[in-house]
Amino acid sequence: MIPYGRQDISEADIQAVVEVLRSDFLTQGPTVPAFESAVAGYCGAQHAIAVNSATSALHIACLVLGVGPGDVVWTSPITFVASANCALYCGAQVDFVDIDPHTYNLSVERLAEKLAQAKKAGCLPKVVIPVHLCGQPCNMAGIHALSQRYGFKIIEDASHAIGGKYRGESIGNCRYSDIAVFSFHPVKIITTGEGGMALTNDESLAKRMELLRSHGITRDADEMTHAPDGPWYYQQIRLGFNYRMTDLQAALGLSQMQRLDEIVAKRHAIAKRYDQQLTALPVIVPWQHADSYSGLHLYVIRLKLGEISQTHRQVFEALRNEGIGVNLHYIPIYRQPYYEGLGFKVGQCPEAEDYYSAAVSLPMYPGLSEMQQNKVIETLRQVTSK
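So for the sequence shown, UniProt numbering puts the first residue at 1; every next one is plus one.
Have a look at this one:
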């Protein structure tokens, strides 16, 4: 089976992890801050906070922005459930903004309409979480302009997007957001096994996220309620979590950072070949906005179902049966049973529904060989011509 995504591990990556195994620190040592510094420096952000998953990063990002009971957070319906769950963890409510039909990201036009309606109803969002689907950045300038008008905070869910650019600058620099979040899951652009990171240019937000990722415990005397009892002393001053990244994970991530641009370039070469070879097939290939340089975590096509005799499911299953590990990113979140239990209904976001009815994620990872890609293309050609 040719998977839709796969980690790319080099001998240098393995050696970096081995070096940590032979060191004095496996968990909280010098490698985590070194990895944070490398990512922050690459992206052009002032602060980076490494955690055990992007979900954890989204959670603490919501908390430090004050999300809680009585608040509402808006995000895209076409994303992994974590982009919405993070608000529910804080006791807030969630709502969804329909997607742009070309980029499949959160639509600025629909956002503007929804904000105008929410202002009249007195229920504006506390935070909006745009998701850089497949690695292509959202229209962040447009979203930021609306935030200035309506007063909401912005968390960029850039889980798919490290190594990409928006308007010539690295995604993650937080020029148009309060916090940006990356994922380092194995199928993402670079990996730490499991892991995530939150970036910000606000020192206060950074310090609070650092506190929350480690049980809410501080050893800084300036943050304590009284002078330390001794050199052993620490205080829990917030209710935090065990969201820490280990040095083992950070060593892998730090090593992978050295190949980040190379990895993204390989993904672009694979995408370019898909674009060229799929033009004659009854599919819509991904459209890239001129302002963006995608991280290309995913390569999503949409089937032109009116031009083929098979259903979406039949094409999907036929590809799987031929050893092509296609996937679907994503089911609209509000269609999940848990969210239906909160009152959401099928059809809430028409563009998201249309996307879901025809989307297929083709294999996309740096190690995908030309022979394997040829098999994907030829199999898709055969399946859609039946």
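Glycine included, each C-beta is placed from N, C-alpha and C at the ideal position.
As the structure is a computational prediction, the values presented were derived from the model and not from experiment.
Inter-residue Cα distance where the pair is residue i and residue j
i           : j    : result
C349        : Q373 : 33 Å
P69         : R208 : 19 Å
G91         : V17  : 38 Å
V20         : D247 : 7 Å
G325        : P3   : 4 Å
Y356        : E210 : 37 Å
residue 387 : G216 : Not covered by the structure: residue 387. The range shown for the chain is 1 to 386.
K272        : M364 : 12 Å
E156        : I171 : 9 Å
S385        : T311 : 12 Å
S294        : Q136 : 4 Å
L252        : T31  : 10 Å
Q382        : L146 : 46 Å
T27         : E113 : 47 Å
L124        : R320 : 43 Å
L205        : A45  : 13 Å
P231        : Q93  : 43 Å
I301        : A54  : 25 Å
Y299        : P286 : 7 Å
H289        : D98  : 18 Å
L380        : Q277 : 11 Å
S56         : A280 : 43 Å
L133        : S76  : 9 Å
G142        : Q117 : 18 Å
L315        : I377 : One point to set straight first is that residue 315 is Val, not Leu, in the sequence displayed. Taking the straight line joining both Cα atoms gives about 13 Å.
L239        : M224 : 14 Å
R244        : Q235 : 18 Å
P282        : L328 : 18 Å
E203        : R175 : 15 Å
F96         : D229 : 49 Å
T218        : L303 : 53 Å
L11         : L260 : Per the sequence shown, residue 11 should be read as Glu rather than Leu. So the two alpha carbons sit approximately 15 Å from each other.
A121        : I308 : 45 Å
M371        : I270 : 12 Å
A358        : R110 : 21 Å
L368        : I263 : 12 Å
V360        : E194 : 25 Å
S292        : H268 : 13 Å
G5          : Y233 : 46 Å
T191        : H160 : 11 Å
Cβ-Cβ separation, residue j to residue i (assumed contact under 8 Å), whole Å
i    : j    : result
C86  : H59  : 5 Å
A250 : F35  : 4 Å
G163 : I179 : Going by Cβ atoms, the distance from G163 to I179 rounds to 19 Å, so no, they are not a contact pair.
D13  : S255 : 5 Å
P366 : K266 : 4 Å
V51  : M197 : 7 Å
E351 : P101 : 5 Å
S37  : G29  : With a Cβ gap of about 14 Å, S37 and G29 do not count as contacting.
I78  : P332 : 6 Å
V73  : V67  : 6 Å
M1   : G306 : About 30 Å separates the two Cβ atoms, so there is no contact after all.
C138 : L106 : 6 Å
For residue i: DSSP bridge partner residues
i           : result
D157        : V131, V181
residue 388 : A query on residue 388 cannot be resolved here, the shown segment of the chain reaching from 1 to 386 and no further.
L303        : V283
L362        : Y299
F316        : In the DSSP output, where bridge partners are listed per residue, F316 has none listed.
S292        : Y166
M197        : A50, F182
T75         : F96, I129
I324        : I2
L342        : Its beta-bridge partners do not exist; DSSP assigns none.
Q236        : I217
L106        : I99
Classification of residue i by the beta-carbon crowding that lies within 10 angstroms, buried from 16 upward
i    : result
C62  : buried
M212 : Correcting the residue type first, residue 212 is Leu in the shown sequence and not Met. By the neighbour-count rule (16 or more Cβ atoms within 10 Å), L212 is buried.
A82  : buried
I154 : buried
G151 : exposed
T242 : Going by the sequence as given, residue 242 is Asn instead of Thr. Exposed is the call here.
H297 : buried
F80  : buried
H226 : exposed
V181 : buried
S177 : buried
T346 : Residue 346 is actually Val in this sequence, not Thr. So V346 counts as exposed.
Y166 : buried
D275 : exposed
Y334 : buried
K126 : buried
F344 : buried
Any non-hydrogen atom of the ligand MN within 6 Å of residue i CB
i    : result
R259 : Absent from the structure shown: the ligand MN. Ligands present: none.
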